[in-house]
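The sequence shown begins at 2 in my numbering and counts up by one. Even glycine gets a Cβ: it sits at the ideal position worked out from N, Cα and C. Since the structure comes first, as structure tokens, the remarks are kept for the end.
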Amino acid sequence: MKFYRRSSPAPQFQTATSDEMIHETSAMASFVQPGAREEAMQSGSKNDRFVVSRRRTGFGDCLWSLAAAWRFAQRTGRNLVIDWRGSCYLDQPFINAFPVFFEPVQDIAGVRVICDDQINQRSFPGPFFPSWWNKPSIDCVYRPDEQIFRERDELDQLFQSQQDSDANTVVCDACLMWRCDQEAEREIFRSIKPRPESQARIDAIYREHFEPYSMIGIHVRHGNGEDIMGHAPYWTDPERALRQVCNAIERAKALPHTKPVRAFLCTDSAHVLEQVSAIFPDVFTIPKRFKPPQAGPLHSGALGAEGGFAALTEMYLLARCDTAIRFPPTSAFTRYARLFVPRVIEFDLNDPGRLILIEESSQEVVTA
2 MKFYRRSSPA
12 PQFQTATSDE
22 MIHETSAMAS
32 FVQPGAREEA
42 MQSGSKNDRF
52 VVSRRRTGFG
62 DCLWSLAAAW
72 RFAQRTGRNL
82 VIDWRGSCYL
92 DQPFINAFPV
102 FFEPVQDIAG
112 VRVICDDQIN
122 QRSFPGPFFP
132 SWWNKPSIDC
142 VYRPDEQIFR
152 ERDELDQLFQ
162 SQQDSDANTV
172 VCDACLMWRC
182 DQEAEREIFR
192 SIKPRPESQA
202 RIDAIYREHF
212 EPYSMIGIHV
222 RHGNGEDIMG
232 HAPYWTDPER
242 ALRQVCNAIE
252 RAKALPHTKP
262 VRAFLCTDSA
272 HVLEQVSAIF
282 PDVFTIPKRF
292 KPPQAGPLHS
302 GALGAEGGFA
312 ALTEMYLLAR
322 CDTAIRFPPT
332 SAFTRYARLF
342 VPRVIEFDLN
352 DPGRLILIEE
362 SSQEVVTA
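Okay, here's the thing in structure tokens:
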């Protein structure tokens, strides 16, 4: 197996997320309060314009899509609303997941931010973009899949045009991965902080288990029976996929390191954990609850907020590793690590057996 070393940005895989197949109801209906929509349509002003970032998916998608919404808000002088009601990490549809897991924030690089549960009592001024949101509230309860994808494309076109919309409120309720520059993503990851109790746990684990070592962080997104859509090419042969992951770990260990090497595994599958641990018995993992085999992803309201805190801990620790292995690299969960870890190993989408080594300040060379 060869490393293909590069420093240029990774390919832009525009994959859908499973959340975009969900028909949401309660939080959707409360976006503009019944009876308030027509009044709101007349109340907008140049100083009362908004971008609403609505996501219910895993943290990687949520934060990446938030970065795209923030960049548009910054460019157009709008306020940014973070609306994560109906989150896959909570079983309470009217609770905004953002302040549950992250410190409240009022401003991101000059953009005013609204991110608390007052969203349930607020209405935002129309007209709205995309135009679907101008429909009467009752008609917004059911939102078909094709509408979600259509809005994603409309938002993409708006962002790429570098123009503004005449609408007072732009609603970003679709996966917006790859719809902003990397500096916007970095700004979000620098500005958004886990709640103090979560940050304290992350720091404690880092000091005890990470700091004395050169850490190789491994993320293996399996799906555990979920429709993994854009990740599927990596799992056409599950046994081969696990061999590829283990080969990548061996190659990462063989690279130069300044401290003793330790591997840190994050996965959504108890089977993957069992298989990798059998080959690397000293691999470090953070204890968490797994769902039964083929029972679906870990980002599920059935696990409650516990699942969200576990995911957050792993995401932030992966970003503090010295080397990160992303399998598959189409998973947004490791986007934070991809931007901040100095050495990243990925698998080519067209040839998953081909390893790509990405290093800071490196040149593109092929090594045996």
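Excluding the five sequence neighbours on either side, which residues of its own chain have a C-beta within less than 8 Å of the C-beta of residue i, listed in chain order?
i: Ala30; result: Reliability of the predicted coordinates at Ala30 is poor, the pLDDT of 42 falling under 50, and the value obtained from them is presented with this limitation in mind. Result list for Ala30: Ser138, Ile139, Cys141 and Val142, in chain order.
i: Gln163; result: Arg76
Roughly how many angstroms separate the alpha carbons of residue i and residue j, rounded to a whole number?
i: Ser1; j: Tyr317; result: Residue 1 lies beyond the stretch modelled for the chain, which goes from 2 to 369, so this question has no answer here.
i: Glu186; j: Glu240; result: 34 Å
i: Pro197; j: Glu155; result: 37 Å
i: Leu356; j: Ile203; result: 29 Å
i: Asp349; j: Tyr235; result: 9 Å
i: Ile189; j: Ile83; result: 12 Å
i: Phe99; j: His258; result: 37 Å
i: Phe130; j: Thr170; result: 6 Å
i: Glu307; j: His272; result: 21 Å
i: Pro195; j: Trp134; result: 31 Å
i: Gln183; j: Ala242; result: 29 Å
i: Glu104; j: Arg113; result: 15 Å
i: Leu256; j: Gln276; result: 23 Å
i: Tyr214; j: Ala168; result: 52 Å
i: Ile359; j: Ser199; result: 30 Å
i: Ile287; j: Asp269; result: 12 Å
i: Arg244; j: Cys116; result: 43 Å
i: Lys47; j: Gln161; result: Because the pLDDT at Lys47 is just 47, under 50, the model does not fix this residue reliably, and the value given afterwards should be weighed accordingly. Answer to the nearest angstrom: the Cα atoms are 22 Å apart.
i: Leu159; j: Leu81; result: 17 Å
i: Glu347; j: Asp238; result: 18 Å
i: Leu313; j: Phe291; result: 15 Å
i: Ser132; j: Val106; result: 29 Å
i: Gly309; j: Leu67; result: 17 Å
i: Glu251; j: Leu319; result: 18 Å
i: Ser44; j: Gly111; result: Note that Ser44 scores a pLDDT of 43, beneath 50, so its modelled location is shaky and nothing firm can be said.
i: Pro126; j: Val172; result: 11 Å
i: Lys3; j: Pro282; result: Reliability fails at Lys3, whose pLDDT of 44 lies under 50, so the model's placement of it is uncertain and the value that follows must be treated cautiously. Approximately 25 Å between the Cα atoms of the pair.
i: Ala201; j: Pro128; result: 43 Å
i: Lys136; j: Glu209; result: 54 Å
What residues in its chain sit with their C-beta under 7 Å from that of residue i, if we drop five residues either side in the sequence?
i: Lys289; result: Ala311
i: Ile280; result: Cys247
i: Met22; result: Low per-residue confidence applies at Met22: pLDDT is 39, beneath 50, and the placement is therefore not dependable, though the value from the model is reported in the following sentence. Cβ neighbours of Met22 beyond the five flanking positions: Asp146.
Going by CA-CA distance only, name the one from the options that's closest to residue i.
i: Tyr207; options: Leu350, Arg321 and Asp84; result: Arg321
i: Leu177; options: Asp157, Gln164 and Glu188; result: Asp157
i: Ala205; options: Glu315, Tyr337 and Trp236; result: Glu315
i: Ser166; options: Ile83, Ile357, Cys267 and Arg79; result: Arg79
i: Thr324; options: Gly305, Phe265 and Phe291; result: Phe265
i: Val374; options: Trp134, Ile217 and Val114; result: Given a span of 2 to 369 for the chain in the structure shown, any question on residue 374 remains unanswerable.
i: Glu361; options: Arg344, Val246 and Asn351; result: Arg344
i: Ala249; options: Gly354, Phe160 and Phe334; result: Gly354
i: Phe102; options: Phe129, Glu275, Ser332 and Gly305; result: Gly305
i: Arg263; options: Trp85, Phe211 and Leu358; result: Phe211
i: Ala253; options: Gln93, Ile326 and Trp134; result: Ile326
i: Asp146; options: Leu274, Asn169, Ala175 and Trp85; result: Ala175
i: His220; options: Glu209, Leu274, Asp238 and Ala168; result: Leu274
i: Pro94; options: Arg113, Asp118 and Gln107; result: Asp118
i: Ile96; options: Thr237, Trp85 and Gly309; result: Trp85
i: Pro329; options: Pro282, Gly309 and Cys267; result: Cys267
Excluding the 5 residues flanking residue i on each side, which residues of the same chain have their C-beta closer than 6 Å to its C-beta?
i: Ser192; result: Ile109
i: Ala69; result: Leu177, Arg180 and Cys181
i: Arg57; result: Asp20, Gly87, Ser88 and Cys89
i: Asn351; result: none
i: Ser332; result: Arg222
i: Trp65; result: Met178, Ala333 and Arg336
i: Lys260; result: Tyr214 and Ser215
i: Arg144; result: none
Is the closest heavy atom of the ligand SAM to the C-beta of residue i under 8 Å?
i: Ser192; result: Absence of the ligand SAM is noted for the structure shown, with no ligands found whatsoever.
Query raised in the report: If you pair each beta-carbon of the region 51-66 with each one of the region 148-155, do three or more pairs fall below 8 Å?
Result: no
**Report entry** Completely contained alpha helix (DSSP H) runs for the region 197-263, where each covers 4 or more residues
**Finding:** Runs of the alpha helix (DSSP H) inside the region 197-263: 197-206 and 239-255.
Query raised in the report: Would the region 73-89 and the region 47-56 be scored as touching if the rule is three or more Cβ pairs under 8 Å?
Result: yes
Requested in this report: Decide if the region 109-122 is in contact with the region 324-344; the criterion is three or more beta carbon pairs, one per stretch, under 8 Å apart.
Outcome: Here the region 109-122 makes no contact with the region 324-344; the two share fewer than three CB pairs at distances below 8 Å.
Query raised in the report: Can you give, in chain order, each stretch of the beta strand (DSSP E) that sits fully within the region 44-85 and has at least 3 residues?
Result: 51-55 and 80-84
Query - 3 or more residues per run - each beta strand (DSSP E) lying fully within the region 316-357 - result: 324-328 and 344-348
**Report entry** beta strand (DSSP E) runs wholly inside the region 91-141, at least 3 long, in chain order
**Finding:** 112-115
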